[in-house]
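Enquirer: Next up is a structure, given as structure tokens.
Residue numbers (mature numbering (1 follows the signal peptide of the UniProt record, and there is no 0)): -24 to -1, 1 to 160.
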């Protein structure tokens, strides 16, 4: 009798462990802000951006849901990351090859784009300015049409130059990049 109870208890524990593990898996594709990747070559450098893509859904996002003047994760869920496999010039300033968390501080007439050395973090909740590798200021551009889901584009512009552009709602934020020792 004791052996039957022990066996039943062990089977129950095994069943609970397996179901907990199965349901505990995070299916990122099922999130309201699904994962996305943008990548491309700018000069000799491979640029890869991994982010979660929130939707506008009829809301006023920039300036309200994502307030002006505050550090934003530039996406949803985990902090957006950007990887350069070679050293690059961002808006005329050097950034070493590596993976960075990509934060922004949105404003109506000027955005601060932040490349932070702590790439693996959730949102901007533990953002630490002391870990910034680089900050640059860029001018946003009004979009011609609504961009429902946040997206990034990597666009080459000539032999050693290009632009990474964030598009969302009615705004585009271009960041100029040069490679191979050329200055932006």
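We put the beta carbon where it would ideally sit given N, CA and C, even for glycine.
1) Could you say which of 55, 56, 71 and 54 lies nearest to residue 62 if we only look at CA atoms?
2) From residue 21 to residue 56, what does the alpha carbon distance come to, in whole angstroms?
3) Measuring only the C-alpha atoms, how far is residue 143 from residue 150?
4) Would you tell me roughly how many angstroms separate the C-alpha atoms of residue 31 and residue 69, rounded to the nearest one?
5) Whose C-alpha, out of 52, 75 and 131, is nearest the C-alpha of residue 107?
6) Can you tell me the Cβ-Cβ gap for residue 154 and residue 65, rounded? I've got them flagged as a contact below 8 Å.
7) Please report how far the alpha carbon of residue -2 lies from the alpha carbon of residue 9, in whole angstroms.
8) Please go through the region 62 to 115 and give each complete beta strand (DSSP E) segment of 3 or more residues, from N-terminal end onward.
9) Just to confirm before moving on: does the CB-CB distance between residue 110 and residue 90 stay below 9 Å?
10) What does residue 125 pair with, by DSSP beta-bridge criteria?
11) Give a yes or no on whether the C-beta atoms belonging to residue 125 and residue 12 are separated by under 9 Å.
12) Which partner residues of residue 13 appear in the DSSP bridge assignment?
13) Assign residue 28 to buried or exposed, taking buried as 16 or more other Cβ atoms, counted over all protein chains shown, within 10 Å of its Cβ.
14) Beta carbon of residue 43, beta carbon of residue 86: below 9 Å?
15) Considering Cα atoms alone, identify which of 23, 67, 82 and 34 is closest to residue 51.
16) Which same chain residues, not among the five before or five after residue 88, have their C-beta less than 7 Å away from its C-beta?
17) Whole angstroms are fine: how far does the CA of residue 96 sit from the CA of residue 131?
Expert: Walking through what the data contain:
1) Translated into the one-based positions of the chain shown, residue 62 becomes position 86. Check the Cα spacing between residue 62 and each of 55, 56, 71 and 54: the tightest is with 71.
2) The count along the chain shown starts at 1 and reaches residue 21 at position 45. The count along the chain shown starts at 1 and reaches residue 56 at position 80. Across the structure, residue 21 and residue 56 are spaced so that their CA atoms are roughly 19 Å apart.
3) Locating residue 143 in the chain shown gives position 167, where the first residue counts as 1. Locating residue 150 in the chain shown gives position 174, where the first residue counts as 1. Using only the alpha carbons, I get a separation of about 9 Å.
4) Position 55 of the chain shown, counting from 1, holds the residue named residue 31. Position 93 of the chain shown, counting from 1, holds the residue named residue 69. When rounded, the distance between both Cα atoms is 32 Å.
5) On the chain shown, position 131 is the one that residue 107 refers to. Closest option to residue 107, Cα to Cα, is 75.
6) Against the chain shown, residue 154 aligns to sequence position 178. Against the chain shown, residue 65 aligns to sequence position 89. 4 Å between Cβ atoms; contact.
7) Position 23 of the chain shown holds residue -2. Position 33 of the chain shown holds residue 9. Caution applies to residue -2, whose pLDDT of 46 falls short of 50 and renders its modelled position unreliable; the model cannot decide the point.
8) Listed in chain order, they are 64 to 66, 69 to 71, 74 to 81, 87 to 92 and 108 to 114.
9) Counted from its first residue, the chain shown places residue 110 at position 134. Counted from its first residue, the chain shown places residue 90 at position 114. For residue 110 and residue 90, yes; Cβs fall inside 9 Å.
10) In the chain shown, counting from the first residue as 1, residue 125 sits at position 149. Residue pairing by DSSP places residue 125 opposite 31 in a beta bridge.
11) Counting from 1 along the chain shown, the entry for residue 125 is found at position 149. Counting from 1 along the chain shown, the entry for residue 12 is found at position 36. It is a contact, given that the beta carbons lie within the stated cut-off.
12) In the chain shown, the residue the question calls residue 13 occupies position 37. As computed with DSSP, residue 13 is found in a beta bridge with 26.
13) Start at 1 with the first residue of the chain shown, and residue 28 comes out as number 52. That one is buried.
14) Reading the chain shown from its first residue, position 67 is the one you call residue 43. Reading the chain shown from its first residue, position 110 is the one you call residue 86. Not a contact, by the Cβ cut-off of 9 Å.
15) On the chain shown, residue 51 is found 75 positions in, with the first residue counted as 1. Among 23, 67, 82 and 34, the Cα nearest to that of residue 51 belongs to 82.
16) The sequence position of residue 88 within the chain shown is 112, counting from 1. In chain order, 80, 81, 111 and 113 place their CB closer than 7 Å to the CB of residue 88, counting only its own chain and leaving out the 5 sequence neighbours on each side.
17) To locate residue 131, count along the chain shown from 1; it is residue 155. To locate residue 96, count along the chain shown from 1; it is residue 120. Taking the straight line from one Cα to the other gives about 25 Å.
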